[in-house]
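Participant: One structure is given below, represented as structure tokens, and several questions about it will come after.
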Amino acid sequence: MNLPDPDSVPRREFCKAAVALGGTAGLSACLGVGDDRDNPGETAALSGVPAGDPESVPERQHAWNDVLERDESGNVVAPTHHVLRYCSVSDDLAAAIDDGDAGAVDDARERFADALSDIERGFEWSNEGLLFTVGYAPAYFERFDGRSEGPAGVDLPEPTALTSMEDPGFDTADVLVHLASDTPEAVLAAEEALFGGADAANGEPVTDVTDLFDPVDRRTGFLGPGLPREHRDAQGVPDDAPIPEEAPLFMGFKNGFAGSQATEDRVTITDGPFAGGTTEHVSKLQTQLNAWWNQENHHQRVAKLFSPTHAAEERVGEWGEKLGSNPAVADLPEDAIEFAREEGVVGHAQKAARARDEDGTPPLLRRDFPTTDGDHTGLHFLTLQESIADFVRVREAMTGSDLADESGVGSRLNNGILQYVFVRRRGNYLVPPRTHRSLPEPDP
Ligand code: HEM
Numbered sequence: 031m032n033l034p035d036p037d038s039v040p041r042r043e044f045c046k047a048a049v050a051l052g053g054t055a056g057l058s059a060c061l062g063v064g065d066d067r068d069n070p071g072e073t074a075a076l077s078g079v080p081a082g083d084p085e086s087v088p089e090r091q092h093a094w095n096d097v098l099e100r101d102e103s104g105n106v107v108a109p110t111h112h113v114l115r116y117c118s119v120s121d122d123l124a125a126a127i128d129d130g131d132a133g134a135v136d137d138a139r140e141r142f143a144d145a146l147s148d149i150e151r152g153f154e155w156s157n158e159g160l161l162f163t164v165g166y167a168p169a170y171f172e173r174f175d176g177r178s179e180g181p182a183g184v185d186l187p188e189p190t191a192l193t194s195m196e197d198p199g200f201d202t203a204d205v206l207v208h209l210a211s212d213t214p215e216a217v218l219a220a221e222e223a224l225f226g227g228a229d230a231a232n233g234e235p236v237t238d239v240t241d242l243f244d245p246v247d248r249r250t251g252f253l254g255p256g257l258p259r260e261h262r263d264a265q266g267v268p269d270d271a272p273i274p275e276e277a278p279l280f281m282g283f284k285n286g287f288a289g290s291q292a293t294e295d296r297v298t299i300t301d302g303p304f305a306g307g308t309t310e311h312v313s314k315l316q317t318q319l320n321a322w323w324n325q326e327n328h329h330q331r332v333a334k335l336f337s338p339t340h341a342a343e344e345r346v347g348e349w350g351e352k353l354g355s356n357p358a359v360a361d362l363p364e365d366a367i368e369f370a371r372e373e374g375v376v377g378h379a380q381k382a383a384r385a386r387d388e389d390g391t392p393p394l395l396r397r398d399f400p401t402t403d404g405d406h407t408g409l410h411f412l413t414l415q416e417s418i419a420d421f422v423r424v425r426e427a428m429t430g431s432d433l434a435d436e437s438g439v440g441s442r443l444n445n446g447i448l449q450y451v452f453v454r455r456r457g458n459y460l461v462p463p464r465t466h467r468s469l470p471e472p473d474p
């Protein structure tokens, strides 16, 4: 991929492209320096990027909300730039695990733990520094002798197709590292130090672990008001789609309202050796939004994404600004089947809210972000939940195949946003507590 001319596009757009490009070239471009230095990657301190202290980082890897900012309504403001790094353990490490070579595995574990602490020393645990999680797929735990049942006390099945409309590929790479920051250089420099051979990040030496992992995939994305509008030239959305300036989603709205999100407590594993961890599901969703923007009007878009009541009562505003911190999709006057029968339309959020806990608590903490990977619009749908079964339950409610049948409307039902969203890949992970985040045993 080519970077745009830095003099002809806004800095934010240029940096978004640099993150998508990645590597030393992406980092150098972001820093505005050449790519021809002796030492690949950036070793010097980055201007204005705060250093951190591993001692002050919380035990829960997913404890991000306390250090993230809030908007004026109290919603958590997610970091802008995101990278998902998928890796397999190297052949040597795989052989050591397979042979039960405890010495070699312990050495690898210690080195990776050191490298992660080095990164925390290099970057403040914040949106200006860096937030990250390290997750492990079921395939990783199966490498350990006799652990086909997965990590102790955790529901971590292999990914499967979850609807009759999809035929996804499955992500089976051992490790998934999610890096997030408002500072694009921070994401890139940390990634280069962990996986690219740079020997330092933000001026802090980083233990070399490049021999432990083989890269499998790299996905990127961004979340911020106006970013989708700036990237209407990607495929999957009309070039002139009237995406509001403030909207962080290609569909033209905002998501992640506090009232529709699980708390970090709700998604935390409470028992067993991995207590303090969480599970993670990542689906790679492609969106095809030409009809969304060319054939639907604002009223229909609100009805399909939120609910027909939201559309009729004009609750949402242009891009979600009227919703405050709570879209109140769970306390609509009638149930979804009634809506389907009477309106012929059921809203996406309205449907998904049917899977809330009995006391009305949302079970998923969604940390999804839009993407133009492959020059196509999409969404990396990353969610945290206590157990993968929680995700499956919510996804079934979101799919809502019961609604068409039970309402009698059948295939004529406008079933949320299903017709615009295509599941390309799925993967499940355990995000262990920090103590066990480095190459954990299945029953540490
Ligand atoms: C392109 C894909 C998607 C878009 C643009 C999208 C957008 C939205 C929006 C705008 C909301 C309303 C408010 C809020 O976020 O707080 C919402 C809610 C929600 N969505 Fe999605 N979503 C997408 C895919 C999914 C998928 C695949 C799931 C699968 C489980 C899902 C689950 C949920 C849940 C659980 C809620 C909150 C329901 C509640 O209030 O309890 N979404 N989504």
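To convert, note that position 278 of the sequence shown is 308 in our numbering; the numbers rise steadily by one, no gaps. We put the beta carbon where it would ideally sit given N, CA and C, even for glycine.
1) Taking just the CA atoms, how far does alanine 231 sit from isoleucine 149?
2) Look up histidine 311 in the DSSP assignment and say whether it is helix, strand or coil.
3) Inspect the beta-carbon positions of threonine 487 and glycine 254 and report whether they are closer than 7 angstroms.
4) Within the segment 162–211, note down every full beta strand (DSSP E) run reaching 3 residues or more, in order along the chain.
5) Verify whether the separation of the beta carbon atoms of valine 119 and aspartate 204 is less than 7 angstroms.
6) For the segment 326–343 and the segment 226–242, state whether three or more C-beta atom pairs, one from each stretch, are separated by less than 8 angstroms.
7) Looking at C-beta atoms only, is the number of pairs between the segment 299–306 and the segment 440–456 that lie closer than 8 angstroms three or more?
8) For a test of the three-state rule: what should DSSP assign to glutamate 234, helix, strand or coil?
9) Mind the definition here: the segment 429–447 touches the segment 368–382 only if three or more C-beta pairs lie below 8 angstroms; say whether that holds.
10) Would the segment 402–419 and the segment 175–189 be scored as touching if the rule is three or more Cβ pairs under 8 angstroms?
11) Let's see if you can read the secondary structure: which residues bound the alpha helix (DSSP H) around serine 431?
12) For a test of the three-state rule: what should DSSP assign to valine 79, helix, strand or coil?
13) Roughly how many whole angstroms lie between the Cα atoms of tyrosine 459 and serine 211?
14) Closer than 6 angstroms: is that where the CB of leucine 480 sits relative to any heavy atom of the ligand HEM?
15) What is the rounded straight-line gap between the Cα of threonine 298 and the Cα of glutamate 85?
16) Put glutamine 380 into one of helix, strand or coil per three-state DSSP.
17) Measuring from the CB of threonine 240, is there a heavy atom of the ligand HEM at a distance below 6 angstroms?
18) Can you name, in chain order, every residue of its own chain whose Cβ lies under 8 angstroms from the Cβ of proline 34, other than the five neighbours on each side?
19) For alanine 411, which of helix, strand or coil comes out of DSSP?
20) For aspartate 245, name the three-state secondary structure that DSSP assigns.
21) Just how far apart, CA to CA, sit glycine 378 and alanine 50?
22) Give the straight-line distance between the Cα atoms of proline 70 and valine 39, rounded to the nearest whole angstrom.
23) Report yes if the C-beta of proline 198 is less than 6 angstroms from at least one heavy atom of the ligand HEM; otherwise report no.
24) Taking 6 angstroms as the cut-off, is the C-beta of serine 481 nearer than that to any heavy atom in the ligand HEM?
25) State the beta-bridge partners of phenylalanine 369 as determined by DSSP.
26) Can you tell me whether DSSP reads asparagine 444 as helix, strand or coil?
27) When DSSP builds the beta bridges, which residues end up paired with asparagine 458?
28) Inspect the CB distances between the segment 149–163 and the segment 77–94 and report whether three or more fall short of 8 angstroms.
29) Just to confirm before moving on: does the CB-CB distance between alanine 366 and lysine 352 stay below 7 angstroms?
30) In its own chain, which residues sit with a C-beta less than 6 angstroms from the C-beta of leucine 412, not counting the 5 before and 5 after it?
Facilitator: Working from what's here:
1) Computed Cα separation, rounded: 7 angstroms.
2) strand
3) Within the shown structure, residues of the chain are numbered from 31 to 474, placing residue 487 beyond reach of any answer.
4) Inside the segment 162–211, DSSP marks whole beta strand (DSSP E) runs of 3 or more residues at positions 205–211, from first to last along the chain.
5) yes
6) no
7) no
8) strand
9) Taking one beta carbon from each stretch, the segment 429–447 and the segment 368–382 have 3 or more pairs nearer than 8 angstroms; the two touch.
10) yes
11) 431–437
12) coil
13) 21 angstroms
14) The structure shown has nothing for residue 480, since the chain only spans 31 to 474.
15) 21 angstroms
16) helix
17) no
18) Glu43, Phe44 and Ala47
19) Checking the sequence, you will find phenylalanine at residue 411 rather than alanine. The answer is strand: DSSP assigns phenylalanine 411 an E or B state.
20) According to the sequence provided, residue 245 is proline. The question's aspartate does not apply to it. Looking at proline 245 - three-state DSSP - the assignment turns out to be strand.
21) Here the sequence assigns histidine to residue 378, which means glycine is not the residue at that position. Using only the alpha carbons, I get a separation of about 29 angstroms.
22) The predicted position of proline 70 is uncertain, since its pLDDT is 48 and thus under 50; no value can be drawn from it.
23) Incorrect: proline 198 has no Cβ contact closer than 6 angstroms to the ligand HEM.
24) Nothing about residue 481 can be reported from this structure: the residues present for the chain run from 31 to 474 only.
25) In DSSP, phenylalanine 369 forms no bridge with anything.
26) strand
27) His311
28) Three or more pairs of CB atoms, one per stretch, sit closer than 8 angstroms, so the segment 149–163 contacts the segment 77–94.
29) no
30) Val312, Arg397 and Asp398
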